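Numbering of the sequence shown is given in numbering that gives the first Met the number 0, commencing with residue 0 and proceeding in unit increments.
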Amino acid sequence: MLTSNIDHQTSNSPKGESVRLADLKRQYDVVILGAGHNGLVAATYLGRAGLSVLLLEKNDYIGGATTSQKVFPDYEAWLSRYSYLVSLFPEKIIRDLGLNLELRRRATASFTPYAKNGRHDGLLLSNVDEEKSRRSIADLTGSDTEHEQMRKFYGLSRVFAEHVWDTMLEPLVPKEELKGRFDVDDISREAWRSLAEEPLGRAIERYLKDDLVRGLVLTDGKIGVFSHPHDPSLLQNRCFLYHLIGNKTGEWKVPVGGMGAVARELEQAARKSGADFRTNVDLRALDLNGKTREVEFGVDGKRQTVDARFLLVNFGRNVLAKFSGKPYQPDATDEGSVFKINMLLRRLPKLKAKKYPATEAFCGTFHSDEGYEQMNVSYEQASKGRLPDKTPCEVYCHTLTDDSILGRDLRSQGFHTMTLFGIDAPYSLFAKDNETMRKQAEKKFLESMNQWLEGPLEDCLAVARNGDLCIESKSPVDIEEALGMYHGNIFQDAPTFPFAETKEQAGTWGVETEFENVFLCGSSAHRGGAVSGIPGHNAAKKVLEVLGGSAPNAFGGDAEILAASPH
0 MLTSNIDHQT SNSPKGESVR LADLKRQYDV VILGAGHNGL VAATYLGRAG LSVLLLEKND
60 YIGGATTSQK VFPDYEAWLS RYSYLVSLFP EKIIRDLGLN LELRRRATAS FTPYAKNGRH
120 DGLLLSNVDE EKSRRSIADL TGSDTEHEQM RKFYGLSRVF AEHVWDTMLE PLVPKEELKG
180 RFDVDDISRE AWRSLAEEPL GRAIERYLKD DLVRGLVLTD GKIGVFSHPH DPSLLQNRCF
240 LYHLIGNKTG EWKVPVGGMG AVARELEQAA RKSGADFRTN VDLRALDLNG KTREVEFGVD
300 GKRQTVDARF LLVNFGRNVL AKFSGKPYQP DATDEGSVFK INMLLRRLPK LKAKKYPATE
360 AFCGTFHSDE GYEQMNVSYE QASKGRLPDK TPCEVYCHTL TDDSILGRDL RSQGFHTMTL
420 FGIDAPYSLF AKDNETMRKQ AEKKFLESMN QWLEGPLEDC LAVARNGDLC IESKSPVDIE
480 EALGMYHGNI FQDAPTFPFA ETKEQAGTWG VETEFENVFL CGSSAHRGGA VSGIPGHNAA
540 KKVLEVLGGS APNAFGGDAE ILAASPH
């Protein structure tokens, strides 16, 4: 367990220096633009394969959106501004790279407060006690039927994961071929139909009757994207699958030490593989049409250029288009829809639902205003350009599962971190007047939470020396400005199905671009998004494929690189 002050300090920016400008090579086998977690994964695999690798990062820290930061300077608390749990990071990558990560199970999966017959109660789903979950659903619905139906419904995603998960680290399988793998029994065929072919809302309504339970299920199809249960684009299905197939269980776990621990481990692995790093880089120009790819950038006002046989892009297609001079044509489904609030609390709030202690309710995902029909209303209101009357959101308290992200004094005083994710908050709502709309949205989301609490959440917040409350809100506009993610989409683009949907995609790694030896290694790749490392792995595999083989130290295979250029 990471508890020392040293750990807290390194969570912000893992140890390691930038390579001196005088020591930069003129040519590298691979240059990676962006040292987020996917860039670090790719760098480690390729460095171990014997290639020379340079990572260029615009920030003064490593880790991108996974970095933990001291968001409130007066307090020793290290929060990840943009990502917080791990589900999609394959255990294979963790083993391959020898990462020393502890992903801790949350005792509570989710808690959804509700009022019924004038009494406050809550639907609690446990990760460790199935009987507790069954009783809680029965208390809500009056029978065991909905619990059994929920088990059947989630059985579909488990079956889907069993068929699909291992393919995430392989070339893309054609849709029809993958569909054929499901043609083994009625449950598998139902899983494919319900999750890959028809709008998610049909299956939710077919299996579940209670509005609150339906809403609880639907939220995994809405986090980060702007969609609804019967969206014909199946955006909600794609988003749902991303939340439910990780490592064949779909369980979201807490990284001990915070996301900073993930970034630190990945950076150390990349450095050990021989990769060079350069931070505070101002990327100026890319020449993608020559025999090699030329990267021009500035450091401390000085112009630098390096040539690379391969260029890996760890940012969105929108940014790549800007540097390549090509038009960028996003789809309507690429719009981001998330409102993030980071908080530091002096104490946990008390619930109106007396039978559940706050420590139990908030250690899982706490849902508010996420009833099924209510979210249909909030979607409609947001799509018409207005902040919904009721703003659906979910909250999570990292420190109830892992308090190592707090300094010792804060732990002893009962401080906690809290993160809120608001949905049905599309980029378009904030584009015209981000400052005003951000304040209005923050107020609305806090009101959503306060309806379930004995006192206002604001009364629990830590206070900075200047009197400000320790609360930070980020709209999709803020996320785009900070991370370059198109319209604040936390997936970079709309999430994709985990298979090839066109003939051209079949057999590719999903990282290819129109430019020779320029590959996407981040969330904008096919099967990108979330803290997964999958596109970083797949981009590295693509490089080695072009070179004619793979390396035993990198991927556990027996073949050697046939055409790697020397250091």
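Heads up, the beta-carbon is just placed ideally off N, CA and C, and yes, glycines get one too.
Keep in mind the model is a prediction, meaning the values are calculated, not measured.
Quickly, what does DSSP pair residue i with across the bridge? List them, please.
i, result
"Asp120", "Tyr113"
"Asn341", "Thr418 and Glu471"
"Gly335", "Val224"
"Arg302", "Gly297"
"Gln235", "In the DSSP output, where bridge partners are listed per residue, Gln235 has none listed."
"His366", "Glu393"
"Pro254", "Leu102"
"Gln68", "Leu78"
Using beta-carbon positions only, say whether residue i and residue j come within less than 8 Å of one another.
i, j, result
"Pro534", "Leu546", "no"
"Phe429", "Tyr395", "no"
"Gly384", "Ser427", "yes"
"Ile489", "Gly223", "yes"
"Lys541", "Val510", "yes"
"Asp423", "Tyr378", "yes"
"Val337", "Gly421", "yes"
"Leu319", "Glu75", "no"
"Gly315", "Asp492", "yes"
"Phe622", "Ser17", "Not covered by the structure: residue 622. The range shown for the chain is 0 to 566."
"Thr43", "Ala268", "yes"
"Lys57", "Leu282", "yes"
"Leu344", "Met417", "yes"
"Glu369", "Glu334", "no"
"Ala357", "Leu45", "no"
Got a sec? Which residues, its chain only, sit under 6 Å from residue i by beta carbon, not counting five neighbours each side?
i, result
"Asn101", "Note that residue 101 corresponds to Glu in the displayed sequence, not to Asn. Correct list, in chain order: Val255."
"Val85", "Leu102, Lys252, Pro254 and Val530"
"Lys473", "Lys339"
"Arg213", "Ile203, Leu207 and Tyr371"
"Pro494", "Arg237, Cys238, Tyr241 and Gly528"
"Ala563", "Confidence at Ala563 is low in this model, with a pLDDT of 34, below 50, so the placement of that residue is unreliable and no value is reported for it."
For residue i, which of the options has the nearest alpha-carbon?
i, options, result
"Lys325", "Thr512, Gln450 and Thr501", "Thr512"
"Lys443", "Ser367, Gln235 and Val216", "Ser367"
"Pro348", "Phe414, Ala320 and Lys174", "Phe414"
"Glu359", "Glu145, Ser109 and Glu480", "Ser109"
"Trp451", "Pro329, Lys353, Lys91 and Asp128", "Lys353"
"Ala481", "Gly63, Ser17 and Val52", "Gly63"
"Gln303", "Thr501, Leu285 and Asn116", "Leu285"
"Asn465", "Tyr60, Pro72, Leu39 and Leu98", "Pro72"
"Lys24", "Ser67, Ala274 and Val158", "Ala274"
"Phe152", "Thr501, Leu215 and Val29", "Leu215"
"Asp330", "Ile92, His536, Lys131 and Ser523", "Ser523"
"Ser156", "Leu194, Asp128, Ser132 and Ile31", "Leu194"
"Lys389", "Thr398, Glu441, Leu350 and Cys362", "Glu441"
"Pro387", "Gly454, Asn375 and Arg201", "Asn375"
"Ser323", "Val294, Asn341, Gly300 and Lys301", "Val294"
"Pro391", "Met342, Val280 and Leu445", "Leu445"
Which of helix, strand or coil does DSSP assign to residue i?
i, result
"Thr358", "helix"
"Val163", "helix"
"Asp185", "helix"
"Gly274", "Inspection of the sequence shows that residue 274 is occupied by Ala rather than by Gly. In this structure, Ala274 counts as coil in the three-state DSSP scheme."
"Ile31", "strand"
"Leu452", "strand"
"Pro170", "coil"
"Ala505", "coil"
"Pro425", "strand"
"Cys392", "strand"
"Lys431", "coil"
"Pro534", "helix"
"Val230", "Reading off the sequence shown, one finds Asp at residue 230, where the question assumed Val. Correct three-state label for Asp230: coil."
"Met498", "It is worth fixing the name first, because residue 498 is Phe in this sequence and not Met. Correct three-state label for Phe498: coil."
"Leu265", "helix"
"His7", "Residue confidence for His7 is low, a pLDDT of 40 falling below 50, so the modelled location carries little weight and cannot support an answer."
"Ser12", "For Ser12, the predicted model reports a pLDDT of 40, less than 50, meaning its position is unreliable; a value from the coordinates is still stated below. DSSP places Ser12 in coil when its eight states are reduced to three."
"Phe309", "strand"
"Gly141", "coil"
"Ala260", "helix"
"Gln26", "strand"
"Ala108", "strand"
Among the residues of its own chain, which have a CB less than 7 Å from the CB of residue i, if the five just before and after it don't count?
i, result
"Thr65", "Gly35, His36, Ser79, Ser82, Met258, Val261, Ala262 and Val530"
"Tyr27", "Ser51, Val52, Leu53, Val305 and Ala307"
"Asn99", "Glu264"
"Asp209", "Leu139, Thr140 and Glu145"
"Asp120", "Tyr113, Asp138 and Ala352"
Does residue i get closer than 8 Å to chain C when you measure Cβ to Cβ?
i, result
"Lys131", "The displayed structure is made up of one protein chain only, and chain C is not part of it."
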